[in-house]
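> Structure incoming, see below.
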Amino acid sequence: MELTTYQQEALDRQKPSLEKFGKKTWAWTIFYVLWIVVGGYALYLQISKGHGVTGMRDNVVWGLFIVNFIFFIGLSYAGAIIAGLLHLSKVPWGKPIIRLAQMMTIISVIVGPIFILLCVGRFDRIYHLFLYPRLQSPMTWDVLAIMTYFVGSILFLYLALLRDFAVYRDAKLGIPKWKQKLYGFFANGYRGTASQKRHLLLSENLMAIIMIPLSIIVSSILSWIFGMTLRPGWHSTIFGPYFVLGALYSGCGVLICAMWMYRRTHKLENYFTEKHFVYLGYVMMVLAAGYGYFTFSEYFTSWFGSEKWDNEVINKLFNPKEYGWWTLSPTSLASWSRLSLLPSVNYAGQT
Amino acid sequence: MKQEEINDKGRRDFLKTAAVAAVAATACGSLACSCTSKKPTTGEKIKLLSPEGEIVEVDSAYLNHQEHMAIVSKLEARQGIAGKKFVMVVDLSRCKNARKCITACQKWHYRPEETEWLTVKLLKDSEKGAPYWFPKQCFHCDNPPCVKVCPVDATFKRQDGLVLIDNERCIGCKFCMAACPYSTRVFNWNDPVIPAEIEEQQYSAETGIPAKVGTVEKCDFCPDRSREGLLPPCVDACPNGVFYFGDENEDTVTNGEETISFTQLIKDRSGYRFMEELGTKPRVYYLPPKDRQFPVERGYENLPDTLKARFKDIMEPEKSKS
Ligand code: SF4
Ligand code: SF4
Chain U
50 MELTTYQQEA
60 LDRQKPSLEK
70 FGKKTWAWTI
80 FYVLWIVVGG
90 YALYLQISKG
100 HGVTGMRDNV
110 VWGLFIVNFI
120 FFIGLSYAGA
130 IIAGLLHLSK
140 VPWGKPIIRL
150 AQMMTIISVI
160 VGPIFILLCV
170 GRFDRIYHLF
180 LYPRLQSPMT
190 WDVLAIMTYF
200 VGSILFLYLA
210 LLRDFAVYRD
220 AKLGIPKWKQ
230 KLYGFFANGY
240 RGTASQKRHL
250 LLSENLMAII
260 MIPLSIIVSS
270 ILSWIFGMTL
280 RPGWHSTIFG
290 PYFVLGALYS
300 GCGVLICAMW
310 MYRRTHKLEN
320 YFTEKHFVYL
330 GYVMMVLAAG
340 YGYFTFSEYF
350 TSWFGSEKWD
360 NEVINKLFNP
370 KEYGWWTLSP
380 TSLASWSRLS
390 LLPSVNYAGQ
400 T
Chain S
352 MKQEEINDKG
362 RRDFLKTAAV
372 AAVAATACGS
382 LACSCTSKKP
392 TTGEKIKLLS
402 PEGEIVEVDS
412 AYLNHQEHMA
422 IVSKLEARQG
432 IAGKKFVMVV
442 DLSRCKNARK
452 CITACQKWHY
462 RPEETEWLTV
472 KLLKDSEKGA
482 PYWFPKQCFH
492 CDNPPCVKVC
502 PVDATFKRQD
512 GLVLIDNERC
522 IGCKFCMAAC
532 PYSTRVFNWN
542 DPVIPAEIEE
552 QQYSAETGIP
562 AKVGTVEKCD
572 FCPDRSREGL
582 LPPCVDACPN
592 GVFYFGDENE
602 DTVTNGEETI
612 SFTQLIKDRS
622 GYRFMEELGT
632 KPRVYYLPPK
642 DRQFPVERGY
652 ENLPDTLKAR
662 FKDIMEPEKS
672 KS
């Protein structure tokens, strides 16, 4: 397969890391595996002794796992929406971000549901979800949605990786034969012919078009787990779009952080330029405005109407003692300024 | 048709024997395996209906008396008692927070002191309003939000109006706890401590015994007692006759002392349902705390401090502020 200069350059950069699993990488791997072992032991304790070991109770917030679940799943949705939009809009600077966003999508859609597995009281009965499914339950919708989404995001990433697999297959790399073969297997006969290129682009476009509404749908379904209940403060029609926007907002933030980290650790200054930070900063600013707008409408309407139970929630939240709430809301709304405004001011002259 | 007849006969035979005995051997999960233990047999065979709905013959030597009887099959436990529609009426004018109902409930269900399926709250509807004691348990809603959200059909609505939980199917997702607007459901965070003989009993959704770790539970209106013609323990235990329990189809409710017409009681005493505006259609009605038999303080004065703390903000607003 003919390599473009861009591909050749990238291949040369990656060669050392592809050929050798460096000492540093080993150290990190062992470090993380150890953490997983610690987590596994904690899970063993939780399963054998009951969830009581977590310290959660009926009258102590028991949503910690669920909060994490929503955070990661939200990141995942955001990744797919951002990657899809950038892909379809074909902006030239979007390419490096697309790959990162797709990776974020996959990783967080794997991490997220793990929290739900930790959260259910009977981990050993999780197959009941498939043995006795009740389609009327928003939880079942969510299970179906996340599984669909998982398959979709894997396909989306795979289509993007197809070219890379072909490059690795044809490259002269000092790697074991089976690895080269594996690349060949995943490249799936892609040789970069004109017709293949056209079809690949077509499928990528199609996947992007599917993934954007899919993310919005599954994100809304996630929000309905809360919105469908009668709890004051949750039982709100605004939750679908609110969650979508919240997911995009935090996803964008994580993307900026990830870009910064990759840029430093992999020396990708040529790929993630200041321009990328500035542009994503602008996007974040818009999202923050939207998020603030939703938050404001949500509380303002229920405060103004001040129905009994709504009022109870408002009074609880807007209580000077609620330091958690007071730190969360303003900081989450203001975080964009740290992430987006400052770099744009700093780099304004350089772009 | 034929099958039904046989089943019916089997059940009648069974119910006769069940009045004196229930199967202890069911601990191993099936009746058949009990016969492997070494016990002299009497030769007298007794027909029993297994929880799976099959008729099995067991030697009478393997039967011994048990208070809680898992006498119905899984299917029956899901369908409910034919022709019944259970209701409860709580007379708020008589409650003085004696907490006898709570302890009776805990004793019957082998629940620890901190698990209150039935609890007594202190309500004060408005600033100037007088506080009153408010016993609260599962309302067995006719439009139950908890049932709507369960992903595995572990909590279900029966034809006799009861909302029960199958703790052998529940995956412990706690969605129903979030969905119940009355917060009546409790979760088994730790391995429940249960007497050994109860631990070995065959589980039934009707008895909720033995409790299972990592699952959700709540007031079940004690259908196992209804099947025996008994009232729920809370109704029996209340010294003031606060709870009336009965059948809406028969239009009668009783608190153990007096038996009255349900509709008449609701009509005469302006019965209402808690948070009617939510549309959950509870099966528990309240009679307003009018012409009260006890001053509200009677339920507060003699409480231990841990319980007092729950009601301090209403009973002693000056103190709780400081
Ligand atoms: S009171 Fe709560 S738990 Fe009981 S039936 Fe109604 S919603 Fe379900
Ligand atoms: S906790 Fe159990 S009963 Fe409640 S919704 Fe989940 S599976 Fe159903």
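Protein sequences, first through last, are from chains U and S.
Add 49 to the 1-based position in the first sequence for this note's numbering, that's all there is to it.
Add 351 to the 1-based position in the second sequence for this note's numbering, that's all there is to it.
Even glycine gets a Cβ: it sits at the ideal position worked out from N, Cα and C.
On a predicted model such as this, the values are computed, not experimentally measured, just so you know.
(1) Taking 8 Å as the cut-off, decide whether the C-beta atoms of residue 295 of chain U and residue 285 of chain U are in contact.
(2) I'd like to confirm the pairing. Which residues does DSSP put opposite residue 498 of chain S in its beta bridges?
(3) Roughly how many angstroms lie between the CA atoms of residue 137 of chain U and residue 321 of chain U, to the nearest whole one?
(4) With distances taken Cα to Cα, identify the nearest neighbour of residue 166 of chain U among U:156, U:178, U:323.
(5) Output the boundary residues of the alpha helix (DSSP H) element that contains residue 437 of chain S.
(6) Going residue by residue through the region 57 to 139 of chain U, where are the continuous beta strand (DSSP E) segments of at least 3 residues, counting only ones entirely within it?
(7) If we count the other Cβ atoms within 10 Å of its Cβ and call it buried at 16 or more, is residue 97 of chain U buried or exposed?
(8) Just to confirm the assignment: which complete beta strand (DSSP E) runs, minimum length 3, are found wholly within the region 543 to 597 of chain S?
(9) On the criterion of 16 or more Cβ atoms from any shown chain inside 10 Å, does residue 85 of chain U qualify as buried, or is it exposed?
(10) Compile a chain-ordered list of the residues in the region 635 to 666 of chain S whose CB is closer than 9 Å to at least one CB of chain U.
(11) In this structure, how does DSSP classify residue 514 of chain S when only helix, strand and coil are distinguished?
(12) Could you name the residues of chain S that residue 105 of chain U contacts, counting a contact when the two beta carbons are closer than 8 Å?
(13) Check the Cβ-Cβ distances between residue 504 of chain S and every residue of chain B, and say whether any is below 8 Å.
(14) Since residue 521 of chain S meets chain U, which of its residues come closer than 8 Å, beta carbon to beta carbon?
(15) For the region 469 to 482 of chain S, which residues have a beta carbon sitting closer than 7 Å to at least one beta carbon of chain U?
(16) How is residue 381 of chain S classed by DSSP in three states: helix, strand or coil?
(17) Between residue 515 of chain S and chain U, is there a C-beta pair that is closer than 8 Å?
(18) Heavy atom of ligand 1 less than 7 Å from the Cβ of residue 514 of chain S, yes or no?
(19) Run through chain S and tell me which residues come within less than 9 Å of residue 186 of chain U, C-beta to C-beta.
(20) Would you say residue 428 of chain S faces chain U, with C-beta separation under 8 Å as the test?
(21) Could you tell me which chain S residues have their CB closer than 9 Å to the CB of residue 277 of chain U, listed as they occur along the chain?
(22) So residue 410 of chain S is in the beta strand (DSSP E); what residue range does that whole segment cover?
(23) Any C-beta of chain U sitting closer than 8 Å to the C-beta of residue 669 of chain S?
(24) If we call anything under 8 Å between Cβ atoms a contact, is residue 366 of chain U one with residue 340 of chain U?
(25) Using a C-beta cutoff of 8 Å, does residue 440 of chain S count as contacting chain U?
(26) Going by the beta-carbon positions, is the gap between residue 371 of chain U and residue 281 of chain U smaller than 8 Å?
(27) Check the Cβ-Cβ distances between residue 403 of chain U and every residue of chain S, and say whether any is below 8 Å.
(28) Which whole runs of the alpha helix (DSSP H) in the region 174 to 259 of chain U are 4 residues long or more, in chain order?
(29) Does the region 547 to 559 of chain S come close enough to the region 597 to 613 of chain S that 3 or more CB-CB pairs lie under 8 Å?
(30) Is the shortest distance between the beta-carbon of residue 291 of chain U and the beta-carbons of chain S less than 8 Å?
(31) For a quick check, are the C-beta atoms of residue 182 of chain U and residue 270 of chain U less than 8 Å apart?
(32) If you compare alpha carbons, which of S:561, S:464, S:429, S:564 is closest to residue 515 of chain S?
(33) Using 8 Å as the threshold, is the C-beta distance between residue 709 of chain S and residue 594 of chain S below it?
(34) Under 7 Å between beta-carbons, which chain U residues line up against residue 564 of chain S? List them in chain order, please.
(35) State whether the region 629 to 640 of chain S contacts the region 441 to 458 of chain S, with contact taken as three or more CB pairs (one from each stretch) at a distance under 8 Å.
(36) So, with DSSP's three-state summary, where would you put residue 360 of chain S?
Quick answer:
(1) Walking along the first sequence from the start, residue 295 of chain U turns up at place 246. Walking along the first sequence from the start, residue 285 of chain U turns up at place 236. Not in contact: residue 295 of chain U and residue 285 of chain U (Cβ atoms no closer than 8 Å).
(2) Start at 1 with the first residue of the second sequence, and residue 498 of chain S comes out as number 147. Note: residue 498 of chain S sits in no beta bridge, so no partner.
(3) Position 88 of the first sequence, counted from the start, is the residue given in the question as residue 137 of chain U. Position 272 of the first sequence, counted from the start, is the residue given in the question as residue 321 of chain U. Residue 137 of chain U and residue 321 of chain U have their C-alpha atoms roughly 20 Å apart.
(4) Taking the first residue of the first sequence as 1, we reach residue 166 of chain U at position 117. A check of alpha carbon separations from residue 166 of chain U across U:156, U:178, U:323 identifies U:178 as the nearest.
(5) For this step, residue 437 of chain S is matched to residue 86 along the second sequence. In the DSSP assignment, residue 437 of chain S falls outside any alpha helix (DSSP H) and within the unbroken beta strand (DSSP E) covering 437 to 442.
(6) Those beta strand (DSSP E) runs which fall completely within the region 57 to 139 of chain U and span 3+ residues do not exist here.
(7) Start at 1 with the first residue of the first sequence, and residue 97 of chain U comes out as number 48. Answer is exposed; the Cβ neighbour count stays below 16.
(8) none
(9) Position 36 of the first sequence holds residue 85 of chain U. The Cβ neighbour count for residue 85 of chain U, taken over all protein chains shown within 10 Å, is under 16; the residue is labelled exposed.
(10) none
(11) Translated into the one-based positions of the second sequence, residue 514 of chain S becomes position 163. DSSP places residue 514 of chain S in strand when its eight states are reduced to three.
(12) Taking the first residue of the first sequence as 1, we reach residue 105 of chain U at position 56. Here the neighbours are 540.
(13) Considering every chain present, this structure includes no chain B. Its protein chains are U and S.
(14) Walking along the second sequence from the start, residue 521 of chain S turns up at place 170. Result: 170, 171, 174.
(15) none
(16) On the second sequence, residue 381 of chain S is found 30 positions in, with the first residue counted as 1. In this predicted model, residue 381 of chain S has a pLDDT of only 39, less than 50, meaning its place in the structure is not dependable enough to derive any value.
(17) Counting from 1 along the second sequence, the entry for residue 515 of chain S is found at position 164. No, residue 515 of chain S does not count as interfacial toward chain U.
(18) Along the second sequence, read from residue 1 onward, the residue named residue 514 of chain S stands at position 163. Yes, Cβ of residue 514 of chain S sits closer than 7 Å to a heavy atom of ligand 1.
(19) For the purposes of this step, residue 186 of chain U is taken as the residue at position 137 of the first sequence. 499, 500, 501, 502, 503, 504, 526, listed in chain order.
(20) Position 77 of the second sequence, counted from the first residue, corresponds to residue 428 of chain S. For residue 428 of chain S, no Cβ of chain U is located within less than 8 Å of the residue's own Cβ.
(21) What you label residue 277 of chain U is simply residue 228 of the first sequence in a count that begins at 1. Near residue 277 of chain U (Cβ distances below 9 Å), the residues of chain S are 496, 499, 500, 530.
(22) Translated into the one-based positions of the second sequence, residue 410 of chain S becomes position 59. Residue 410 of chain S -> beta strand (DSSP E) spans 406 to 410.
(23) Here the question's residue 669 of chain S lines up with position 318 in the second sequence. Cβ-Cβ to chain U under 8 Å: no for residue 669 of chain S.
(24) Indexing the first sequence from 1 puts residue 366 of chain U at position 317. Indexing the first sequence from 1 puts residue 340 of chain U at position 291. Taking the C-beta atoms as reference points, residue 340 of chain U is found no nearer than 8 Å to residue 366 of chain U.
(25) Translated into positions along the second sequence, residue 440 of chain S becomes position 89. Not an interface residue.
(26) As a working note, residue 371 of chain U is residue 322 in the first sequence. As a working note, residue 281 of chain U is residue 232 in the first sequence. No; because the gap between Cβ atoms is not below 8 Å, this pair is not in contact.
(27) With chain U covering only 50 through 400, there is no way to say anything about residue 403 of chain U.
(28) The qualifying runs are 177 to 180, 187 to 219, 226 to 236.
(29) no
(30) Mapped onto the first sequence, residue 291 of chain U falls at position 242. Answer no: the Cβ-Cβ gap between residue 291 of chain U and chain S never drops below 8 Å.
(31) Working through the first sequence from its first residue, we reach residue 182 of chain U at position 133. Working through the first sequence from its first residue, we reach residue 270 of chain U at position 221. No, the Cβ-Cβ distance between residue 182 of chain U and residue 270 of chain U is not below 8 Å.
(32) Position 164 of the second sequence holds residue 515 of chain S. Comparing Cα positions, the closest option is S:429.
(33) For chain S, the structure presents residues 352 to 673; residue 709 of chain S sits outside this window and is missing.
(34) Translated into positions along the second sequence, residue 564 of chain S becomes position 213. Those within 7 Å of residue 564 of chain S in chain U are 99.
(35) yes
(36) On the second sequence, position 9 is the one that residue 360 of chain S refers to. For residue 360 of chain S, the pLDDT reaches just 43, beneath the cut-off of 50, and the residue's location in the model is therefore unreliable, leaving the point undetermined.
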